[in-house]
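Just so we're aligned: 566 in my numbering is position 79 of the sequence shown, and the numbers increase by one with no gaps anywhere.
C-beta atoms are modelled at their ideal positions from N, C-alpha and C, and glycine is treated no differently.
Just so we're clear, the structure is a prediction, and the values are computed from it rather than from any experiment.
Note sheet for the following structure.
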Amino acid sequence: MTQMKAPWLKHYDDVPATLTYPAGSMWNAVEEIVKKHPDYIAYDFMGRKTSYKKMAHDVETCARALKAIGIRKGDRITICMPNCPQTIIMFYAINLVGAIANMVHPLSAEKEI
488 MTQMKAPWLK HYDDVPATLT YPAGSMWNAV EEIVKKHPDY IAYDFMGRKT SYKKMAHDVE
548 TCARALKAIG IRKGDRITIC MPNCPQTIIM FYAINLVGAI ANMVHPLSAE KEI
C-alpha cells in the first residue's frame with residue numbers, strides 16, 4: 488500500500504502496511520482458547536465472571552437453537568442488543584453456524600441504521 492493510498496502509514500514506523508491472518512473463523516479462535524485454557528475468564532459482566540468453557544457451552548447451545556429455526560451458513564442476522572453477555576453469545580453462535588452477524592446498537596438513530 489502506498490503513502491498516496493494510505494497517508495496515515497507514515498505515522499506508524501514499526502507497523503506493517505498489511506497483516507496476515509490465520510485461516511478460520513472467530514469461533515475457531517475461541518475453540519483454541521477453550522482447548523488450552525478452559526478456565527480462563529472470557530468476560531466479566533457486572534462482577535459475574537464466565538469462563539471460556541462455559542461461554543463455549545452457551546454458544547454451542549445458542550447455535551443449535553439458531554439451526555433449529557432455520558438459520559444456515561451465509562444467512563445475514565442482525566443483532567440489536569445492548570452490551571451484555573447474551574450479545575457475545577449470539578455473535579459467536581452466528582459465527583459458529585457460518586452465518587454473518589450484522590451489529591446494530593439499540594440506541595442507534597434511524598439515520599445511522
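By the Cβ-count criterion, D562 is exposed, with fewer than 16 other Cβ atoms from all chains shown falling within 10 Å of its own Cβ. No Cβ-Cβ contact shorter than 7 Å links I600 with V584. Assigned with DSSP and collapsed to three states, D531 falls in strand.
A residue is called buried once 16 or more other Cβ atoms fall within 10 Å of its Cβ, and V517 is buried on that count. In the DSSP assignment, S512 is bridged to no other residue. Counting along the chain, no alpha helix (DSSP H) covers M590; the unbroken beta strand (DSSP E) around it starts and ends at 587-590. Three or more Cβ pairs drawn from the segment 517-527 and the segment 537-547 lie within less than 8 Å of each other, which places the two stretches in contact. Within its own chain, the residues whose Cβ lies closer than 6 Å to the Cβ of I587, once the five positions on either side in sequence are excluded, are R563, listed in chain order.
Contact annotation: A550 and A580 have beta-carbon atoms nearer than 7 Å.
Straight through space, the alpha carbons of A510 and P503 are spaced by roughly 19 Å.
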